[in-house]
Amino acid sequence: MKSASENSRATALLKAEPLLDVRQLSDVQFRSLGLRQVAYMRPATMDDGEEGCAIYAADGSLLAVVEDMETAWGAIMQNDMVPASLQ
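In the working numbering, the protein residues as written are 1285 to 1371.
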């Protein structure tokens, strides 16, 4: 016999929205995936010529340039996003 929580979980799964098929997305929709959840970091040269780290949104737009990867990581985490590194 199934418990009430198992039954409610099964019901919730049946009512869940269907999975997204990324093959059916337009270019604009695809670029917006993860826009508010993921930020990418990569080495960059700052305006003063010093080496730093650039932070980009999932769509490739520049969010910030900071002194180092550690600062970039902290800024991304502070904004409740997931950091990813680009080489």
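Glycine residues also receive a C-beta, built at the ideal position from the N, C-alpha and C atoms.
Contact belief for ALA1323 with TYR1340 at Cβ below 8 Å, rounded distance in angstroms: As a first step, residue 1323 is located in the sequence shown; it is residue number 39 there, counting from the start. As a first step, residue 1340 is located in the sequence shown; it is residue number 56 there, counting from the start. Yes, they are in contact, since the Cβ atoms of ALA1323 and TYR1340 sit about 7 Å apart, within 8 Å.
Three-state class that DSSP yields for GLY1358 in the structure shown: Residue numbering aside, residue 1358 sits at position 74 when the sequence shown is read from its first letter. Note: GLY1358 maps to helix in three-state DSSP.
In DSSP terms, what VAL1349 is bridged to: Counting from one through the sequence shown, the residue named residue 1349 turns up at place 65. BP columns for VAL1349 point to ALA1338.
Length of the line joining the Cα atoms of MET1353 and ARG1326: The residue labelled residue 1353 in the question sits at position 69 within the sequence shown. The residue labelled residue 1326 in the question sits at position 42 within the sequence shown. Cα to Cα, MET1353 sits roughly 8 Å from ARG1326.
Cα-Cα separation between GLU1335 and VAL1349, rounded to whole angstroms: To locate residue 1335, count along the sequence shown from 1; it is residue 51. To locate residue 1349, count along the sequence shown from 1; it is residue 65. Approximately 10 Å, taken between the alpha carbons.
Host beta strand (DSSP E) of SER1369 (start-end): The residue you call residue 1369 lines up with position 85 of the sequence shown. Its beta strand (DSSP E) spans residues 1366-1369.
Between the CA atoms of ASP1343 and GLU1351 - distance to the nearest angstrom: Residue 1351 sits at position 67 when you count from the first residue of the sequence shown. Residue 1343 sits at position 59 when you count from the first residue of the sequence shown. Going by the C-alpha atoms only, they are around 22 Å apart.
Beta-carbon separation (whole angstroms), MET1365 vs GLN1313, contact threshold 8 Å: Counting from one through the sequence shown, the residue named residue 1365 turns up at place 81. Counting from one through the sequence shown, the residue named residue 1313 turns up at place 29. Contact doesn't hold; Cβ gap of about 20 Å is too wide.
Residue range of the unbroken beta strand (DSSP E) whose run includes ARG1326: Residue numbering aside, residue 1326 sits at position 42 when the sequence shown is read from its first letter. Unbroken beta strand (DSSP E) run through ARG1326: 1322-1329.
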